[in-house]
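Numbering (UniProt numbering), first residue to last: 1 to 1200.
Encoded as structure tokens, the structure appears first; notes follow it.
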């Protein structure tokens, strides 16, 4: 089409429309069938169209005119649009804040993924604009969660909708704990399993096993070789004779064949001769080719054997060297030491004889002076370090003592308060119970009397009414119903009894049937082997018969094309199988060789590693000595430079900053101390108020009995007065007619009641008597029935047994007859099958195939026998060659060993002689120069001793003077401190005596009644052992925080009071468990409570040098430092976790006090200071501390 024509525009429009329709249909189908995995939305959230149908309709309305509903026409060609985008598809499940969880859509999605089952997202009300819709959505999620988990913490739908942060987080923590802890446990178990399988111990065990198996294989090969050699030597004469006979026979046969061929060749034509020559040449070439292939195979085998022998030689020589290595090493070391000693002796003799030069004298003086300066300098540094450590320890000890005493006082006060509380509660309970028990009998008797009176009066009225009133139709119907009900009850009970009897009978029946089946099974099992053999014989006989019939039929019938194809396929399959098995065997041999190679390489690496590890301690000591020497030299140079360089402006700024920080620290500590004292005061105030309320309550309860008695007496007095007034009024007032009538009626009622009660008692007695007699009769009848039933059951059992024995006897009696019948039937079957076989063989003539088969069979048998003979001959030849090679190798080894022994003896003899000569020469030289050496050594020793004595005396005098000065300076302070300690002790003694006296006075009356339970002595060791047991019982990632808090508090007490327990905890698993807990515990309140004592335990362990290294190594680890900083962050601004924050800060501060870890410690201290000031005083102080940290970091970088 040309562009300018109108038909082009129409065609292009049609083409564009068709493509748009195809695109819309494709997008619709792609969205419905989820072609994209993450399934994105087809339409934008802001778009006016939310379905492909609406989009197409809008497109047609704008672009395609005068067509109406276009989809109705497109349906004829199966163009159906089904996709419709809902609000649920438009939900973005990413959570940016906790407010996103309030509508419930994201929570329901999480629940669907975790718990699975019925889809909840279809039931959601979206968009969740109103509160009711949100509540409905959240309720769906919570109902599904509650089906799988018990939700704790009183979490409702309204809490989540209102955005309650703590409850939402606790809900998610519960879900995470439910579903992630098993994964963590599985991961930990897998890591453990991997570690245990790949541990050094297992590797060593595997290597030991491989060595043992290798030794066993070597021993087995040697034994086999010896046995084969012995057998060949034993049976060689007979084999040699057989071989000679065979060789002679072959020689005769070959000569005969040659003569026959020569005679034949004379008569043959030229063409025949050429053919025979060609045939011979081809046969010769074939033999040569086969021999070459065999030679290659034999060469490969020989090379393999050679490699294995070389390996064995290497291993054996290595084993001998390793066995005799200590001796060889000793000899080498001795030679080396002797050479060094000889060289040293020669050097000394030369130095003595030669005069000392000026340089030497100057060098000696320098050495002497430097040594002197170094000693003094080191002594000064050590003294300063010791002084610093002592002061820090003293401060820490004082702080700990104050804390400990305050804690002890608090615990004592708490115990005293709790004891008081328990005693008061007990007293209250006892007094109230006593009062209730005192008045209970009278109250109970009154209530019982009232109850009985009411019941009797109501019963009398009922009976009187029933007697006097005429009998109604309802009464008659009731009586009839009663009688019929009694009849039905009797029938029902009889039926129930019948069912019970029926069940018992059925049980008996089943038991007897089982017993019979057991007996019969026992008898059959007894006779089963014979029957089984007979049946198997019959089966094999029948199978043979059927096979013979099949063979006969196959012979007589002509061979089909399918049969021929099957035979060809079978032969090809056999060839393939052989090739496949040969390849498989080759691969297995290859794998064995590779394994052997790997094992040898491993052994070599082990031996080399062992040699290097043996020599490592000496190398390490040398390297450490060099390192320490270089560090000391560098420190001396640094100090000298710092002293000589003038003070810079930066240093002045640093000093100012330091002063300001110290001032801020003092202020901060003062505020902290004030807050603590304020808290203590408030606690004491609350305690006093409680004690006052308790005391007032106690006084009121003490006076309550007297008050109660007075009130009761007043009440009784008032009642008596009112009764007297009533009586007086009745006496003085005139008696009326109504009063007289009442008195007469009263007398009549009393007489009627007495008569009625007498009749009632008589009737009750008669009914009781009749009922008792009936019950007795029933009971006796029941007992007699049970006895008769037992007798009947016993008789029944005996008869069943007799029947079983009798039937078994009859079966055993008739068994020979039945056996004979079975045998006769079997013989009949065998004879009939034999007759059929004979008839078939006689009737069918022997066919050509049969004759051909027989000839083939004979020829195959001959070929097989020849082939087997050749194979046996080859095997015997191979075995002989192997034995021969093994004998030759053994001979080589033995001769080589003998030669080696001879050479070794000659070498040792030469070595001993040379060593003796050297020793004599060295002894002569040493004796010659000994007097001069002795004199020089003595003079040197005397000089050095004198110099040392002078230095020591001077140092002792200086030390004594300094210590005396310091002691005299601190004497008044020490005296004052001693006086304060005495006063404190006296005060504590007085307090203890007074408290004991007051307690004894209060509880003297209750001492005899209260029984105190005896407790075992809770020593520190026992506490520690209990804590370790509990921690061992706890699984990883499955902590119960209450138990952990108690355990860690016990450990804190143990480690703070004894050094031995600190060492024990550092050596054990407890430190690892604490660090694991600190890393993986959550941010809940119980875990924060458990962290505080755990960190205190680590602080206690940091006090001693023996245990501090373990904690330091784990603290410097990057993950733990991160976790500690996170802890400090989370603790900021929380009142409940102030103590935790302080303990973490102290842990970091103490862990980084060691001067060996100075760089890391300074950097981490700076971080700790930053955190403290950020929490304490705000942003402006934080900026100052950051500048201080940067300055410190630059200082470290420049000078270190």
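Ideal Cβ positions, reconstructed from N, Cα and C, are used throughout, including at glycine.
Pick from the options that is closest to residue i, judged by C-alpha positions
| i | options | result |
| --- | --- | --- |
| residue 1057 | 594, 400, 45, 105 | 400 |
| residue 346 | 907, 927, 1096 | 927 |
| residue 320 | 900, 916, 1000 | 900 |
| residue 44 | 242, 387, 92 | 92 |
| residue 1028 | 996, 998, 999, 1071 | 1071 |
| residue 589 | 850, 660, 859, 308 | 308 |
| residue 929 | 361, 696, 348, 330 | 348 |
| residue 342 | 498, 915, 370, 430 | 915 |
| residue 955 | 76, 392, 377 | 377 |
Residue i versus residue j: straight-line alpha-carbon distance, rounded
| i | j | result |
| --- | --- | --- |
| residue 239 | residue 872 | 14 Å |
| residue 90 | residue 1079 | 39 Å |
| residue 761 | residue 464 | 15 Å |
| residue 1090 | residue 1025 | 19 Å |
| residue 251 | residue 283 | 20 Å |
| residue 433 | residue 447 | 20 Å |
| residue 1176 | residue 676 | Here the model assigns residue 1176 a pLDDT of 43, short of 50, so the residue's position is not dependable and the matter cannot be decided. |
| residue 848 | residue 563 | 18 Å |
| residue 629 | residue 988 | 55 Å |
| residue 1186 | residue 664 | With a pLDDT of only 49 at residue 1186, under the threshold of 50, the placement of this residue in the model should not be trusted; the figure read from the coordinates follows. Looking at the two C-alpha atoms, the distance is approximately 15 Å. |
| residue 32 | residue 182 | 37 Å |
| residue 952 | residue 364 | 21 Å |
| residue 576 | residue 875 | 24 Å |
| residue 750 | residue 445 | 24 Å |
| residue 16 | residue 109 | 42 Å |
| residue 495 | residue 502 | 10 Å |
| residue 790 | residue 500 | 15 Å |
| residue 479 | residue 449 | 34 Å |
| residue 69 | residue 63 | 13 Å |
| residue 154 | residue 177 | 18 Å |
| residue 979 | residue 940 | 56 Å |
| residue 892 | residue 313 | 12 Å |
| residue 452 | residue 772 | 25 Å |
is_contact[residue i, chain C] using C-beta, thresh 8 Å
| i | result |
| --- | --- |
| residue 14 | In the structure shown, chain C cannot be found, because there is only a single protein chain. |
Whole-Å CB distance - residue i paired with residue j, under 8 Å assumed
| i | j | result |
| --- | --- | --- |
| residue 1074 | residue 1144 | Not really, about 13 Å apart at Cβ, beyond 8 Å. |
| residue 157 | residue 142 | 6 Å |
| residue 712 | residue 417 | Not a contact, Cβ separation roughly 36 Å. |
| residue 515 | residue 804 | 7 Å |
| residue 56 | residue 24 | 6 Å |
| residue 101 | residue 111 | The Cβ separation is near 12 Å, so there is no contact. |
| residue 149 | residue 133 | Not really, about 25 Å apart at Cβ, beyond 8 Å. |
| residue 165 | residue 88 | Between residue 88 and residue 165 the Cβ distance is about 27 Å, and since that is not below 8 Å, they are no contact. |
| residue 1045 | residue 1093 | 6 Å |
| residue 1088 | residue 1098 | Not quite, the Cβ-Cβ distance comes to about 16 Å (not below 8 Å), so this is no contact. |
| residue 1106 | residue 1140 | That belief does not hold up - the Cβ atoms of residue 1106 and residue 1140 are roughly 27 Å apart, past 8 Å. |
Identity of the residues DSSP links to residue i by a beta bridge
| i | result |
| --- | --- |
| residue 146 | Per DSSP, none; premise fails for residue 146. |
| residue 84 | 51 |
Segment contact flag, the region 611-623 with the region 222-232, C-beta cutoff 8 Å, min 3 pairs:
no
Just checking, does the region 483-494 make contact with the region 771-789 on the three C-beta pairs under 8 Å criterion?
no
Stretch pair the region 73-92 + the region 45-54: three plus CB contacts closer than 8 Å
yes
Quick one: any contact between the region 126-133 and the region 99-115, if contact means 3 or more CB pairs under 8 Å?
yes
Touch test, the region 572-583 against the region 290-302, Cβ-Cβ under 8 Å, three pairs minimum:
no
I want to know whether the region 149-169 touches the region 133-140 - three or more CB-CB distances under 8 Å.
yes
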